[in-house]
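*Asks:* Below: one structure in structure tokens.
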Amino acid sequence: MMLRIILKVALASLWSNRLRSVLAMLGIIIGVCAVICVLALVAGAHDRMMTRIASMGTNLLVISPGQRGSGGVMSGSQQNLTLADAIALKDVAQIRDIAPLVRGSAQVKHFSKNSRSTVMGTSVTYFRIRSFDIDKGRLFTDADCDAMSRVAVIGPTTAQNLFGAQEACNQTIKLNGINFHVIGVLKSKGDQGWFNPDDQVIIPFSVAMKQVLGLKSVHEIDIRAYEETQLTTVQTAVTQLLRKRHRLQPDTANDFNVRNQADMLDMASSFNQTLTLLAGGIASVSLLVGGIGIMNIMLVTVTERTREIGVRKAIGAKNRDILRQFLIEAVLMSGTGGLIGVGVGVSIAHILRAVSSIQTSVSAFSILLGLGFSSAVGIFFGYYPARRAAQLDPIEALRYE
């Protein structure tokens with residue numbers, strides 16, 4: 007029996023039982039749709055995470071104090087990073103920019119309006135390292151840091167909270183009761199969940215340490231290396247210099263941490279791969295359920311068409327012809343369900359992105375995975391009913407009522 011005839015008979019059989027075929031395909035449709043949607047959500051979360059890491063700056067190293075404690079019990083961060091450490095790091099040839107950083111929380115006031123915001127004390131190089139762009143006004147300068155000028159650059163959310171539609175530049179705000187002159191407003195970067203860079207006040211580190219926060223050590227030192235430099239090379243040089251300055255013995259662990267942006271990207275990618283496998287595996291369970299539904303329907307179909315199978319065998323149809331016929335019917339059901347599921351899943355992903363803040367990203371891999379899995383389910387769960395039909399004894403089949 008030619009393949010064209012087998013395909014024609016299979017389509018006619020499915021069409022004659024349209025409702026049953028649709029119900030059998032429903033499990034595959036839901037399963038493929040779930041796979042597409044879940045993988046789109048995971049891919050969107052991954053893209054958003056990568057964008058946030060990239061917005062932190064490029065070729066970035068972050069130095070922070072080590073943990074304080076002994077015997078495995080940690081009681082907080084050490085206060086062992088100083089401005090002198092930041093100045094000494096300028097001797098590392100591969101470093102392009104260095105920015106000491108102190109942070110705290112303060113009540114920011116403008117007349118009757120007030121807001122609790124993050125206060126950052128740093129140098130002008132911080133804006134270049136962290137890829138901040140000015141929207142209005144200007145940034146403070148090294149001269150402002152040296153002169154301990156009470157000037158501030160604020161985020162757009164802070165500006166909105168304090169001034170509304172009013173112009174923020176050249177206004178005066180109070181940080182813990184100290185007047186500061188607003189000289190600039192940053193461009194928005196978006197809320198990053200654990201930290202909102204749009205809701206902060208950035209002032210010169212000299213003023214922050216001595217007048218606002220009362221600190222003698224820094225919380226962080228940010229470093230940007232030259233583009234052609236390997237971050238691991240810079241990380242090694244920085245570690246060696248700080249160990250020497252902190253007088254650490256060769257067998258003593260570092261009393262500081264150096265985080266590499268490349269490590270952050272690798273960690274994010276690894277987390278995304280794990281999440282993709284987990285989410286895809288969970289969504290694929292519904293495909294297996296759909297496959298069981300197809301097997302059930304095909305077994306019922308074989309039983310109903312036992313006499314037809316006997317007639318075909320009696321007039322010359324071989325076992326492989328019967329096997330192909332029922333297997334093609336199963337694959338047609340699962341394949342059609344897969345195509346519909348892909349269409350529904352892609353549509354839902356685009357609708358979610360359009361009507362909400364949820365970011366989704368449909369990849370060709372997820373579409374091919376859904377279609378391939380649905381076809382494989384049809385072959386796997388359709389083979390047993392098809393084999394059962396092919397092995398029917400023609401004489402017994404003709405006697406079947």
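Sequential numbering from 7 applies to the sequence shown in my numbering.
The beta carbon of each residue, even a glycine, is placed where N, CA and C say it ideally should be.
None of the values given here were measured: they were computed from a predicted structure.
#1: Apart from the five residues just before and just after residue 377, which ones in its own chain have a Cβ nearer than 8 Å to its Cβ?
#2: Residue 80: buried (16+ other C-beta within 10 angstroms of its C-beta) or exposed?
#3: Which of helix, strand or coil does DSSP assign to residue 157?
#4: Excluding the five sequence neighbours on either side, which residues of its own chain have a C-beta within less than 8 Å of the C-beta of residue 23, listed in chain order?
#5: CA-CA distance, residue 156 and residue 188?
#6: Hey, out of 295, 289, 244, 261, whose CA is closest to residue 99's CA?
#7: Assuming residue 215 contacts residue 127 (C-beta within less than 8 Å), just tell me the rounded distance between them.
#8: Following the continuous beta strand (DSSP E) through residue 166, name the residue where it begins and the one where it ends.
#9: When the Cβ atoms of the stretch 225 to 232 are set against those of the stretch 203 to 214, are three or more pairs found closer than 8 Å?
#10: Relative to the ligand ATP, is the shortest distance from any of its heavy atoms to the C-beta of residue 313 smaller than 7 Å?
#11: Once the 5 residues before and after residue 368 are set aside, which same chain residues still bring their CB inside 7 Å of it?
#12: For the beta strand (DSSP E) that residue 387 lies in, which residues bound it at each end?
#13: Provide the residue span of the beta strand (DSSP E) that contains residue 226, from first to last.
#14: Go ahead and pull the three-state DSSP assignment for residue 76.
#15: Confirm, please, whether the CB-CB distance from residue 337 to residue 385 is below 8 Å.
#16: With 16 other CB atoms within 10 Å as the buried threshold, where does residue 19 fall?
#17: Can you tell which of 101, 396, 151, 116 has the C-alpha that lies nearest to the C-alpha of residue 322?
#18: Alpha carbon to alpha carbon, how far is residue 149 from residue 212? Give it in angstroms, no decimals.
*Replies:* Well, looking at it:
#1: 38, 341, 344, 345, 348
#2: For residue 80, the pLDDT reaches just 46, beneath the cut-off of 50, and the residue's location in the model is therefore unreliable, although a value from the coordinates is still provided. Classification for residue 80: exposed.
#3: Three-state result, residue 157: strand.
#4: 307
#5: 9 Å
#6: 244
#7: That pair is a contact at about 6 Å.
#8: It is not in any beta strand (DSSP E) - residue 166 instead sits in the alpha helix (DSSP H) that spans 162 to 169.
#9: no
#10: For the structure depicted, the ligand ATP is absent and the ligand set is empty, with no information on it obtainable.
#11: 42, 46, 352, 355
#12: No beta strand (DSSP E) contains residue 387, which is instead part of the alpha helix (DSSP H) from 370 to 396.
#13: Unbroken beta strand (DSSP E) run through residue 226: 226 to 231.
#14: Residue confidence for residue 76 is low, a pLDDT of 49 falling below 50, so the modelled location carries little weight and cannot support an answer.
#15: The Cβ atoms of residue 385 and residue 337 lie closer than 8 Å to each other.
#16: buried
#17: Of the listed residues, the one whose Cα sits closest to residue 322 is 396.
#18: Between residue 212 and residue 149, the C-alpha separation is close to 11 Å.
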